[in-house]
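Trainee:
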Amino acid sequence: MVVDGRPMAYQAGDTVAVAVLRAGEHPHHGGTICLAGDCGNCVAQVDGVGWVRTCQTPCRPGLVMQRHPASGAPPLPVAGQSDVTSSPPARHIPVLRREAEVVVIGAGESGTAAAEAARREGKSVTVLEARDGLEAVAIYAGRTVIVRAPDGMLHINAGEVIVATGAAEIQPVCPGNALRGLVTARAAQQLHAAGVDLGVAVAIGTAPESAPCAPLSGRLVRIESEDEARVSAVVTVEDEEGERTTACDTVILGLGRAARDVLSRMTDEPSVSVVGPAAESFPLPPAPTAGTVCPCSRVQVDDLSSVWERGFLELELIKRATLAGTGTCQGSACLPHLRAFIAARSTEIPEPFTARPASRQITLGEAAAGVHFDAFRRTVLHDEHLALGARMDRFGGWWRPWHYGDHVAEYWAVREGVSLGDVSTLGKLIVSGPDAVEFLERLYPVTVADIRVGRSRYALLLNEGGHLMDDGMIVREAESRFVLTFTSAGAGHAEMWVRDWIDSWGLRVHVLDRTMSLAAINVTGPLAGRLLERVGLTAQPRFLQHVHAEVAGVPCHVMRLSFTGEASFELHHPVDRSAELWRALMAHGRDLGIAPHGLQALQGLRLEKGHVIVGMDSDLDSTPRRLGMEWAVKMGKPDFVGRSALARTAEIADHRRLVGLTMPGPAPTEGSPIWSEGEVVGQVSSSFTSPVLGQAVMLGWLKRSPFPERVEVDGRSASVVQPPFYDPEGTRARA
Amino acid sequence: MRALETLPGLRVVATPEALDAASWAEEPLVLRFAPDDAFAMRTSQIALVDLADEHAIVEPETGFVGAWMTSDELAERVLPHVEWPLPAARPALAQGLIAGVPAKLWLEDDRALLLCVAAYAHELSERLG
Numbered sequence: 001m002v003v004d005g006r007p008m009a010y011q012a013g014d015t016v017a018v019a020v021l022r023a024g025e026h027p028h029h030g031g032t033i034c035l036a037g038d039c040g041n042c043v044a045q046v047d048g049v050g051w052v053r054t055c056q057t058p059c060r061p062g063l064v065m066q067r068h069p070a071s072g073a074p075p076l077p078v079a080g081q082s083d084v085t086s087s088p089p090a091r092h093i094p095v096l097r098r099e100a101e102v103v104v105i106g107a108g109e110s111g112t113a114a115a116e117a118a119r120r121e122g123k124s125v126t127v128l129e130a131r132d133g134l135e136a137v138a139i140y141a142g143r144t145v146i147v148r149a150p151d152g153m154l155h156i157n158a159g160e161v162i163v164a165t166g167a168a169e170i171q172p173v174c175p176g177n178a179l180r181g182l183v184t185a186r187a188a189q190q191l192h193a194a195g196v197d198l199g200v201a202v203a204i205g206t207a208p209e210s211a212p213c214a215p216l217s218g219r220l221v222r223i224e225s226e227d228e229a230r231v232s233a234v235v236t237v238e239d240e241e242g243e244r245t246t247a248c249d250t251v252i253l254g255l256g257r258a259a260r261d262v263l264s265r266m267t268d269e270p271s272v273s274v275v276g277p278a279a280e281s282f283p284l285p286p287a288p289t290a291g292t293v294c295p296c297s298r299v300q301v302d303d304l305s306s307v308w309e310r311g312f313l314e315l316e317l318i319k320r321a322t323l324a325g326t327g328t329c330q331g332s333a334c335l336p337h338l339r340a341f342i343a344a345r346s347t348e349i350p351e352p353f354t355a356r357p358a359s360r361q362i363t364l365g366e367a368a369a370g371v372h373f374d375a376f377r378r379t380v381l382h383d384e385h386l387a388l389g390a391r392m393d394r395f396g397g398w399w400r401p402w403h404y405g406d407h408v409a410e411y412w413a414v415r416e417g418v419s420l421g422d423v424s425t426l427g428k429l430i431v432s433g434p435d436a437v438e439f440l441e442r443l444y445p446v447t448v449a450d451i452r453v454g455r456s457r458y459a460l461l462l463n464e465g466g467h468l469m470d471d472g473m474i475v476r477e478a479e480s481r482f483v484l485t486f487t488s489a490g491a492g493h494a495e496m497w498v499r500d501w502i503d504s505w506g507l508r509v510h511v512l513d514r515t516m517s518l519a520a521i522n523v524t525g526p527l528a529g530r531l532l533e534r535v536g537l538t539a540q541p542r543f544l545q546h547v548h549a550e551v552a553g554v555p556c557h558v559m560r561l562s563f564t565g566e567a568s569f570e571l572h573h574p575v576d577r578s579a580e581l582w583r584a585l586m587a588h589g590r591d592l593g594i595a596p597h598g599l600q601a602l603q604g605l606r607l608e609k610g611h612v613i614v615g616m617d618s619d620l621d622s623t624p625r626r627l628g629m630e631w632a633v634k635m636g637k638p639d640f641v642g643r644s645a646l647a648r649t650a651e652i653a654d655h656r657r658l659v660g661l662t663m664p665g666p667a668p669t670e671g672s673p674i675w676s677e678g679e680v681v682g683q684v685s686s687s688f689t690s691p692v693l694g695q696a697v698m699l700g701w702l703k704r705s706p707f708p709e710r711v712e713v714d715g716r717s718a719s720v721v722q723p724p725f726y727d728p729e730g731t732r733a734r735a
Numbered sequence: 001m002r003a004l005e006t007l008p009g010l011r012v013v014a015t016p017e018a019l020d021a022a023s024w025a026e027e028p029l030v031l032r033f034a035p036d037d038a039f040a041m042r043t044s045q046i047a048l049v050d051l052a053d054e055h056a057i058v059e060p061e062t063g064f065v066g067a068w069m070t071s072d073e074l075a076e077r078v079l080p081h082v083e084w085p086l087p088a089a090r091p092a093l094a095q096g097l098i099a100g101v102p103a104k105l106w107l108e109d110d111r112a113l114l115l116c117v118a119a120y121a122h123e124l125s126e127r128l129g
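For the record, the sequence lines run as chains A and B.
The first sequence begins at 1 in this note's numbering and counts up by one.
The second sequence begins at 1 in this note's numbering and counts up by one.
(1) At 7 Å on the CB atoms, spell out the chain A contacts of B:V49, in chain order.
(2) What does B:R11 touch in chain A if you count any residue whose Cβ is under 9 Å from its own?
(3) Any contact between the stretch 649-663 of chain A and the stretch 616-630 of chain A? By contact I mean 3 or more CB pairs, one from each, below 8 Å.
(4) Tell me A:E570's beta-bridge partners as DSSP assigns them.
(5) So with CB distances below 8 Å, who are the chain A contacts of B:A56?
(6) Run through the stretch 673-725 of chain A for me and flag every whole beta strand (DSSP E) of 3 or more residues, listed as ranges in chain order.
(7) On the DSSP letters alone, give me the boundaries of the alpha helix (DSSP H) that A:T322 sits inside.
(8) Taking C-alpha atoms, which residue in A:D249, A:A696, A:W675 and A:G13 lies nearest to A:G665?
(9) Would you list, in chain order, the members of the stretch 378-390 of chain A that have their beta-carbon closer than 9 Å to a beta-carbon of chain B?
(10) According to the Cβ coordinates, are A:D14 and A:C59 closer than 7 Å?
(11) What residues in the stretch 85-109 of chain B have a beta carbon less than 9 Å from any beta carbon of chain A?
(12) Beta-carbon separation of A:M586 and A:E570 under 7 Å?
(13) List the residues that DSSP assigns as beta-bridge partners of A:Y458.
(14) Spatial neighbours of B:V101 within its chain, please: CB distance less than 7 Å, with the 5 preceding and 5 following residues excluded, ordered by chain position.
(15) Taking 7 Å as the threshold (C-beta atoms), are A:S281 and A:I162 in contact?
(16) Ordered along the chain, which non-local residues of its own chain (more than five positions away) have a Cβ less than 7 Å from that of A:R97?
(17) Give me the Cα-Cα distance between A:G671 and A:F688, rounded to the nearest whole angstrom.
(18) Name, please, each residue of chain A whose Cβ falls closer than 8 Å to the Cβ of B:D20.
(19) So, is the C-beta of B:A118 closer than 7 Å to a C-beta in chain D?
(20) Got a sec? Which residues, its chain only, sit under 8 Å from A:V418 by beta carbon, not counting five neighbours each side?
(21) Starting from A:S644, trace the alpha helix (DSSP H) in both directions and tell me its first and last residue.
(22) Is it buried or exposed for B:T62, if we count other Cβ within 10 angstroms and need 16 for buried?
(23) Taking the C-alpha atoms as reference points, what is the distance between A:V721 and A:G610?
(24) Along chain A, in chain order, which residues have C-beta atoms closer than 9 Å to that of B:A14?
(25) Give the residues from the stretch 552-579 of chain A that approach chain B closer than 7 Å (Cβ to any Cβ), ordered along the chain.
(26) I want to verify the contact list: residues of chain A whose CB lies under 9 Å from the CB of B:T70, in sequence order.
(27) Which residue's Cα is closest to the Cα of A:A203: A:H382, A:T649 and A:T250?
(28) Which term fits A:M65, buried or exposed, when burial requires 16 or more other beta carbons within 10 angstroms of its beta carbon?
(29) Could you spell out the range, first to last residue, of the beta strand (DSSP E) harbouring B:A103?
(30) Identify the continuous alpha helix (DSSP H) that holds A:R400 and give its terminal residues.
(31) Please name the residue or residues paired with A:R120 in a DSSP beta bridge.
(32) Since I believe A:A164 is in contact with A:S110 (beta carbons under 8 Å), could you give me their beta-carbon distance rounded to a whole number of angstroms?
(33) Which residues in the same chain as A:H467 place their Cβ atom closer than 7 Å to its Cβ, once the five residues preceding and following it in sequence are excluded?
(34) Could you tell me how far apart the beta carbons of A:C55 and A:L35 are, in whole angstroms, since I believe they sit closer than 8 Å?
(35) A:A763 touches chain B at which residues, Cβ-Cβ below 9 Å?
(36) Look at A:T236 and A:R230 and say whether their C-beta atoms are less than 7 Å apart.
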């Protein structure tokens, strides 16, 4: 194998750590070697993967080990990923899912006994043993055991879990404990059995049975080194005697054991039990006074003392304040010493801290195995967009066209001609029932009963706090039947919101979510009406009216409204007819200069009209007053969701306002700070260089009153104005 | 993985009692997504259902795609991506994430129908391979 770029021989049966120690080196840079996988003192980069426990990694021809830096972390491997709209390629790590009656973790004496006992009760038993390649790394609530297996990950849903993982050896905490040449008693035995020469070895505590060494009596004080790298002597002290220094090459440490119970500490479910040494309560080591207590996070005893003096008097707080126990071994090395440290300063021995997955180092790939990227929806016009050269991106849970190559040209198609927009992603809910009007009156802050059949009304959707959640249209189809529309990103939550309130109020209203069943195309622009006339829509609805009609032979629910500021007709139709309708409209509009527009153009078009995008221009606590949309709230109604909160806060001075801003030149970056008299007073939420107005237009939040009339954005002077910036009378939308 | 194809049908939302008692002029395969929500496959004619609920929502439905498969195909291609227990009874409708995609399974004795909304068809197909 190759170690730090040099060839290194190994013997059959060697782990990487043993081979490196055989060569007289250390797999890390120092620290006690346990060879049991319990600590982080032998981690290194193996075949490009960092933080691998080399004591658990068998040697093989061609294996490449690279020591971690002496301080800091190894560099992260970086894959070139210039296109953030595509999912990065990943090495596939398969997940096998299994059900098991009983899972026993550990095949030692206690694990074997537990497994046999369970079998005698007629239960089927799955035994997981790390030495056999089945290493349990986590137990999640519901008794899902996560296992690293040779060919992937194993996720086992178990009826019962028995943790029989034995006990780990206690590591020394004293000055010099980060040197090379320190091994635990069991590691010394393994190394001796493997033929590794330990040189002049001394043993402190319980000496190993087989490895040759000179036992030393007394308490470990410190470990010394002549070259600040490797052990040269150990200093001990006995009661009432002075320090004794013993020269050596290796210090063997038999300092006792601690329960290896990290897996059982991940859950407190009664059906997860611990047996054998993992369940034992071993004596704690002496309270540490100096040295490295947590080798993984390089926490010193001085660090513990420092936080203790500052009032961090509990184990969980000390863990958080120092990061002791949060490293790769998850406290296996330091936990007994942390508990001893606290016990010496208080009247109680603290219980071990909660453990969290994973108990052993796993790669991000292994952690993410079986986890999928968010599923993003495609409209049925996806391929049409691609054929037209669209650059697709993810918005509100959907793939949508950002532009088709020239968003300014798309903009002008809307302002001066006719354009198509794919708005299939809008939420669409049918509500029907004898209590439909009553329900909508209670839900929305606008009046609903006076919306005539065939008409529609814009409405905000508020929560109980009077904060904006979503917005859309209320479209009345019959006396007791409506279509509600919502934003693309808010549709899913809106549906739940609607259903919850219907249930809460006990009203007789049916709900059907048509978001996925109906596509929608927005035909917009001053020539939209002419185009639609060509494809059969001769009786066209007026502004805020809607009709059911065939368009190019496709049954459509045609809604007349406007987000772009121009005459707009939303054609809602069955998804399986959408491509047919899109192509017909494109074909019939060719001589009118028809062009589709993407979201980039749309965001500018709507911004010129001052229309907010919920979530982009609004915050979680945006009220209609702050948004300048009190016109959309009828406080005269007896009740609606959010009314009481709005009534309570109406008289309270408010210091936040969404305002319009204009300034010459190009638009600043969205999110730019807004300055006034040398102080930041807000930020830009939307910005666009308006082709028709020849200046930058913005929506932005001012968060300090009195609201100034002039501010600075991007180092330029900007005017605070009342939107809309374009066609304030709305004559074009109504045309 | 067989191609997911549009499953035309009728979507009916009505009171559970009305749906229980609904009479169909044809013999569609009716999947009850919820007590008040049914998807009747193999029919798209609104007139073919008779319901005792004047406020019922009855709409042609073309938003679902799906593919029939044998039990062996189900076990081999789909079930490894299902993290939740399937119902033991047959026939049965099961709903949840399959390979991280919202989907449904109609399980019969010797075959199954995998279905999802058309907007997720590409994701489900790609993930099931």
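Ideal Cβ positions, reconstructed from N, Cα and C, are used throughout, including at glycine.
Mentor: In this structure, then:
(1) Position 49 of the second sequence, counting from 1, holds the residue named residue 49 of chain B. Residues of chain A passing the Cβ test: none, with the nearest at roughly 14 Å.
(2) Counting from one through the second sequence, the residue named residue 11 of chain B turns up at place 11. Result: L512, R514 and S517.
(3) Flag = yes, the stretch 649-663 of chain A and the stretch 616-630 of chain A touch.
(4) Reading the first sequence from its first residue, position 570 is the one you call residue 570 of chain A. Paired residue(s): A:N522 and A:M559.
(5) Walking along the second sequence from the start, residue 56 of chain B turns up at place 56. In chain order: S432 and H510.
(6) 673-676, 679-690, 695-702, 710-713 and 716-721
(7) The residue you call residue 322 of chain A lines up with position 322 of the first sequence. Run containing A:T322: L315 to T322, per the alpha helix (DSSP H) assignment.
(8) Here residue 665 of chain A corresponds to residue number 665 of the first sequence, with the count starting at 1. A:G665 has its Cα closest to that of A:A696, out of A:D249, A:A696, A:W675 and A:G13.
(9) Of all residues in the stretch 378-390 of chain A, only R378, T379, V380 and H382 place a beta-carbon less than 9 Å from a beta-carbon of chain B.
(10) Stepping through the first sequence from its first residue, residue 14 of chain A is reached at position 14. Stepping through the first sequence from its first residue, residue 59 of chain A is reached at position 59. It is a contact, given that the beta carbons lie within the stated cut-off.
(11) P85, L97, A99, G100, V101 and P102
(12) Here residue 586 of chain A corresponds to residue number 586 of the first sequence, with the count starting at 1. Here residue 570 of chain A corresponds to residue number 570 of the first sequence, with the count starting at 1. No, the Cβ-Cβ distance between A:M586 and A:E570 is not below 7 Å.
(13) Residue mapping note: residue 458 of chain A aligns to position 458 of the first sequence, counting from 1. In DSSP, A:Y458 forms a bridge with A:M473.
(14) If you number the second sequence from 1, residue 101 of chain B lands on position 101. Result list for B:V101: C116, Y120, E123, L124 and R127, in chain order.
(15) If you number the first sequence from 1, residue 162 of chain A lands on position 162. If you number the first sequence from 1, residue 281 of chain A lands on position 281. No; because the gap between Cβ atoms is not below 7 Å, this pair is not in contact.
(16) Position 97 of the first sequence, counted from the start, is the residue given in the question as residue 97 of chain A. Answer for A:R97: H155, listed in chain order.
(17) As a first step, residue 671 of chain A must be located in the first sequence, where it is residue number 671. As a first step, residue 688 of chain A must be located in the first sequence, where it is residue number 688. Approximately 12 Å, taken between the alpha carbons.
(18) Counting from 1 along the second sequence, the entry for residue 20 of chain B is found at position 20. The premise fails here: B:D20 is roughly 15 Å from chain A at the closest Cβ pair, so nothing lies under 8 Å.
(19) The question asks about chain D, but that chain is absent: this structure's protein chains are A and B.
(20) Counting from 1 along the first sequence, the entry for residue 418 of chain A is found at position 418. The answer, listed in chain order, is V523, T524, G525, P526, L527, A528, R530, L531, G589, L592, G593 and I594.
(21) The sequence position of residue 644 of chain A within the first sequence is 644, counting from 1. Element bounds for A:S644: R643 to T649.
(22) As a working mapping, residue 62 of chain B is identified with position 62 in the second sequence. Around the beta carbon of B:T62, a 10 Å sphere encloses 16 or more other beta carbons of the protein chains shown; the residue is thus reported as buried.
(23) Numbered from its first residue, the first sequence carries residue 721 of chain A at position 721. Numbered from its first residue, the first sequence carries residue 610 of chain A at position 610. Going by the C-alpha atoms only, they are around 11 Å apart.
(24) Counting from one through the second sequence, the residue named residue 14 of chain B turns up at place 14. The answer, in chain order, is H510.
(25) P574, V575 and D576
(26) Walking along the second sequence from the start, residue 70 of chain B turns up at place 70. Under the 9 Å cutoff, chain A gives no residues; its nearest Cβ is about 21 Å from B:T70.
(27) Taking the first sequence and counting its residues from 1, one reaches residue 203 of chain A at position 203. It is A:T250 whose Cα lies nearest to the Cα of A:A203.
(28) As a working mapping, residue 65 of chain A is identified with position 65 in the first sequence. Counting Cβ neighbours within 10 Å, A:M65 comes out buried, since at least 16 surround it.
(29) Numbered from 1 along the second sequence, position 103 holds the residue referred to as residue 103 of chain B. V101 to L107 is the span of the beta strand (DSSP E), which, as asked, contains B:A103.
(30) Against the first sequence, residue 400 of chain A aligns to sequence position 400. Note, A:R400: premise wrong, no alpha helix (DSSP H); beta strand (DSSP E) at W398 to H403.
(31) Against the first sequence, residue 120 of chain A aligns to sequence position 120. According to DSSP, which records beta bridges pairwise, A:R120 is partnered with nothing at all.
(32) As a position in the first sequence, residue 110 of chain A is number 110, starting the count at 1. As a position in the first sequence, residue 164 of chain A is number 164, starting the count at 1. In this structure A:S110 touches A:A164 by the C-beta definition: roughly 4 Å separates them, less than 8 Å.
(33) Position 467 of the first sequence, counted from the start, is the residue given in the question as residue 467 of chain A. Same-chain partners within the cutoff: L620, D621, S622 and T623.
(34) The sequence position of residue 55 of chain A within the first sequence is 55, counting from 1. The sequence position of residue 35 of chain A within the first sequence is 35, counting from 1. The Cβ separation is near 5 Å, so the contact holds.
(35) Missing from the structure shown is residue 763 of chain A; chain A here goes from 1 to 735 and no further.
(36) Along the first sequence, read from residue 1 onward, the residue named residue 236 of chain A stands at position 236. Along the first sequence, read from residue 1 onward, the residue named residue 230 of chain A stands at position 230. Their beta carbons are not under 7 Å apart, which means A:T236 does not touch A:R230 by this criterion.
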